[in-house]
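Worksheet: the structure to be examined is printed underneath.
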Amino acid sequence: MRRFRTILTATLLLTADPLHANDIAQDPRRSGATFMAPETRAMQDDDTANPGMLWVQEGEALWTKAGGAAGKACADCHGDAQASMKGVAARYPAFDRELGRPVNLEQRINLERARHQEASPLAYESRDLLALTAFVARQSQGLPITAGQDPQLAPFVASGHELFTRREGQLNLSCANCHDDNWDKHLAGSAITQAHPTGYPLYRLEWQSLGSLQRRLRGCIFGVRAQPYDFGAPELVELELYLMTRAAGMAIEAPAVRP
Amino acid sequence: MAALINVPPRAKRGDIIEIKTLMSHIMETGYRRTTTGEIVPRDIITSFTCRYNGAEIFRADLFPAVAANPFISFFTIVAESGTFDFEWIGDNGFSATAKAAITVE
Amino acid sequence: MSEDQTTRRNFLALAGGAAVAGAVPIVSVRPVQATPATMAAAIRNVVGEAEVHAGKVKLDIPPLVENGNTVPMTVSIASPMTSEDHVRSIHVFNEKNPQPNIGNFYLGPRAGRAQVSTRIRLADSQKITAIAHLSDGSFWSASVDVVVTLAACTEEVI
Chain A
1 MRRFRTILTA TLLLTADPLH ANDIAQDPRR SGATFMAPET RAMQDDDTAN PGMLWVQEGE
61 ALWTKAGGAA GKACADCHGD AQASMKGVAA RYPAFDRELG RPVNLEQRIN LERARHQEAS
121 PLAYESRDLL ALTAFVARQS QGLPITAGQD PQLAPFVASG HELFTRREGQ LNLSCANCHD
181 DNWDKHLAGS AITQAHPTGY PLYRLEWQSL GSLQRRLRGC IFGVRAQPYD FGAPELVELE
241 LYLMTRAAGM AIEAPAVRP
Chain B
260 MAALINVPPR AKRGDIIEIK TLMSHIMETG YRRTTTGEIV PRDIITSFTC RYNGAEIFRA
320 DLFPAVAANP FISFFTIVAE SGTFDFEWIG DNGFSATAKA AITVE
Chain C
365 MSEDQTTRRN FLALAGGAAV AGAVPIVSVR PVQATPATMA AAIRNVVGEA EVHAGKVKLD
425 IPPLVENGNT VPMTVSIASP MTSEDHVRSI HVFNEKNPQP NIGNFYLGPR AGRAQVSTRI
485 RLADSQKITA IAHLSDGSFW SASVDVVVTL AACTEEVI
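Residue numbers (the numbering used here), protein chains in the order written: chain A, 1 to 259; chain B, 260 to 364; chain C, 365 to 522.
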């Protein structure tokens, strides 16, 4: 079983390009990129034209900027991000031993700031936090998603799955109603994707800005006329975690561009 | 504000090269309203200029209809090695510059 | 503050006076929308009394737009781009945004190729027109009809 998984992972690694996800036999999973118009895909594929890269560039500058009472920069402990952050975004949300629960990448960055830099947390969806998240996520470009394999995460993955399949809101819809049962159909003018979080944080044309997965989840929950969870709420982290396990093996393509 | 510039680092004399620029800017149209009904004031980049060794080779007037984080790409014939200077000017005294060097053989 | 108003005045003059409402920041006024007539007036501001010929200009915009906030657009004109025969400038207009102007792009013989790409905002399904001003003084144009749909769900503003 382990050998099979190694072969499968190797195959996925070799064919990690999300645009050719269909070439992998037996895998009906498709990146959100494959549901987009060619012009929008072209925007994502060209690093010099992808608006998300502006945040990656800012994140690169922030990586070496000293901050907090300890006067340390991320680079002081983590060195060259290209090496030290490789694969990190692909395995988040991850279990945090101190808190005893999973945290997402944004929360990990703020925990590091508090624990090692003695710096105040960056606000969710703030420019700096998005820039750092985008920069870190970028270091996992092309790598397969490995989040959720830690056995300690199992109850949280299950909780996320329950949230994904539970109907909610005035429209009484669950995530699964659209994204498991009706993907490739259209909601008004927009294509319904399979909702794989391979590209986060991403530049959404509707936002005209880079935004996190939690922002997108809150938007969808608001869309079915339910009360969205607050940024950083455990429910949102569990949903993120479940979505990442559901997309296990698919390649990270951050920062993506989406309509 | 961040800018992403793409200029090929080297080219042959007489080559036509494409220059791509991306600038961080909200390009607030001046037509949106806050949740309490107030207009959010216009805040856009109004002008973009590119100079090549001091001579203007491209200029653009931008209006609110240009999308946020403006992407502008254009072409030029390279004649000699040198520097491209890019300048963005906008509302509320916005001013940003960037440079890119090219080696022409 | 006066610099702001000067910019706005020039800007309004180009818009053919369509956006008089925008000159004074009154909260309750709805922005006047561009119409085919104001687009024509904005074009007149650039072209004057000269005739605008259809042709030579290629306007690339997806006919069905994925999201009206960011629409990729490329304007190109087949031109030798020599000092005797080149494109001086390209002007792009629209019919239904609050203002008729989208952008003006100034080239010249050093451009090598008369092609500009950018991303624009389109408020509604409408016609986009690109006009090229050549070195011999002539004006050429191309128009495209674009369909714009709204996003499926509205979201809270962050």
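Cβ atoms here follow ideal geometry from the backbone N, Cα and C, with glycine treated the same way.
All values derive from a computational prediction rather than experimental measurement.
Contact with chain A by residue i, beta-carbon distance below 9 Å
i      : result
I285/B : yes
E430/C : yes
A516/C : yes
P462/C : no
N265/B : yes
K279/B : yes
N433/C : yes
D330/B : The sequence shown places Phe at residue 330/B, rather than the Asp named in the question. Cβ-Cβ to chain A under 9 Å: yes for F330/B.
T513/C : yes
P436/C : yes
P400/C : no
Whole-angstrom C-beta distance between residue j and residue i, which should lie under 8 Å
i      : j      : result
R483/C : M437/C : 7 Å
A81/A  : K72/A  : Actually they are not in contact, since the Cβ atoms of A81/A and K72/A sit about 15 Å apart, beyond 8 Å.
F503/C : A414/C : 6 Å
I441/C : V456/C : Not really, about 12 Å apart at Cβ, beyond 8 Å.
S481/C : V421/C : With a Cβ gap of about 14 Å, S481/C and V421/C do not count as contacting.
N328/B : L281/B : 6 Å
V157/A : L241/A : 6 Å
Residues bridged to residue i (per DSSP)
i      : result
Y290/B : BP columns for Y290/B are empty, so no partner.
Q479/C : S440/C
T362/B : R269/B
V456/C : G467/C, A494/C
E448/C : None; E448/C has no bridge partner.
A211/A : The displayed chain sequence assigns Gly, not Ala, to residue 211/A. In DSSP, G211/A forms a bridge with L202/A.
S84/A  : Partner(s): none; S84/A has no beta bridge.
V435/C : I484/C
For residue i, the nearest candidate out of the options (CA to CA)
i      : options                        : result
L471/C : V439/C, P464/C, S489/C         : V439/C
E112/A : Q152/A, D96/A, A251/A, Y242/A  : D96/A
P38/A  : T402/C, E430/C, A401/C         : E430/C
E448/C : V410/C, L498/C, G432/C         : L498/C
I297/B : G289/B, I303/B, I304/B         : Reading the sequence as shown, one finds Glu at residue 297/B and not Ile. Nearest C-alpha to E297/B: G289/B.
I271/B : F343/B, D344/B, E339/B, G352/B : According to the sequence as given, residue 271/B is Lys; it is not Ile. Among F343/B, D344/B, E339/B, G352/B, the Cα nearest to that of K271/B belongs to E339/B.
Y229/A : W207/A, D180/A, T193/A, L163/A : L163/A
N182/A : E98/A, A188/A, I192/A          : I192/A
A496/C : F469/C, V508/C, A401/C, E519/C : F469/C
P155/A : A147/A, T133/A, R101/A         : R101/A
A314/B : F330/B, I303/B, F322/B, G341/B : G341/B
R384/B : P323/B, F343/B, V363/B, V337/B : For residue 384/B there is no data in the structure shown, the boundaries of chain B being 260 and 364.
P51/A  : R204/A, L213/A, Q194/A         : R204/A
G249/A : P197/A, S120/A, A123/A, S126/A : P197/A
K358/B : E346/B, G352/B, R318/B, P300/B : E346/B
T493/C : A475/C, C517/C, N461/C         : N461/C
R474/C : D350/B, P268/B, F334/B, A326/B : F334/B
Start and end residues, beta strand (DSSP E) containing residue i
i      : result
P102/A : 101 to 103
C309/B : 304 to 311
G341/B : 341 to 349
T335/B : 330 to 336
T280/B : 275 to 282
V416/C : 416 to 418
V511/C : 503 to 512
V299/B : First-last for V299/B: undefined, no H or E at that position.
Cutoff 9 Å: residue i Cβ touching any chain C Cβ
i      : result
T40/A  : yes
A10/A  : The predicted position of A10/A is uncertain, since its pLDDT is 47 and thus under 50; no value can be drawn from it.
L14/A  : Residue placement at L14/A is poorly supported in this model, since its pLDDT is 47, which falls under 50; the coordinates still yield a value, given next. No, L14/A does not count as interfacial toward chain C.
R272/B : no
F222/A : yes
A256/A : no
A327/B : yes
N-terminal and C-terminal residue of the alpha helix (DSSP H) that residue i is part of
i      : result
L243/A : 234 to 246
I407/C : 400 to 411
L62/A  : 52 to 63
Proximity test, Cβ basis, 9 Å: residue i and chain B
i      : result
Q139/A : no
V391/C : Bear in mind that a pLDDT of 31 at V391/C, under 50, signals an unreliable position, so the model cannot answer this.
F375/C : Residue confidence is low: F375/C scores 42 on pLDDT, short of 50, so the model does not pin down where it sits. Its coordinate-derived value is still stated next. Judged by the 9 Å Cβ criterion, F375/C is in contact with chain B.
D150/A : no
D368/C : Low local confidence applies: a pLDDT of 44 at D368/C is under 50, so the model's placement there is unreliable, with the coordinate-based value given in what follows. It does: the Cβ of D368/C has a partner Cβ on chain B nearer than 9 Å.
E58/A  : yes
N409/C : no
G467/C : yes
S481/C : yes
R452/C : no
L471/C : yes
A387/C : Since pLDDT at A387/C reaches only 32, below the 50 mark, its modelled position is unreliable, and the value read off the structure follows with that caveat. So, not an interface residue.
V384/C : Confidence in V384/C is poor, its pLDDT being 36 and thus under 50, which makes the residue's placement too unreliable to answer from.
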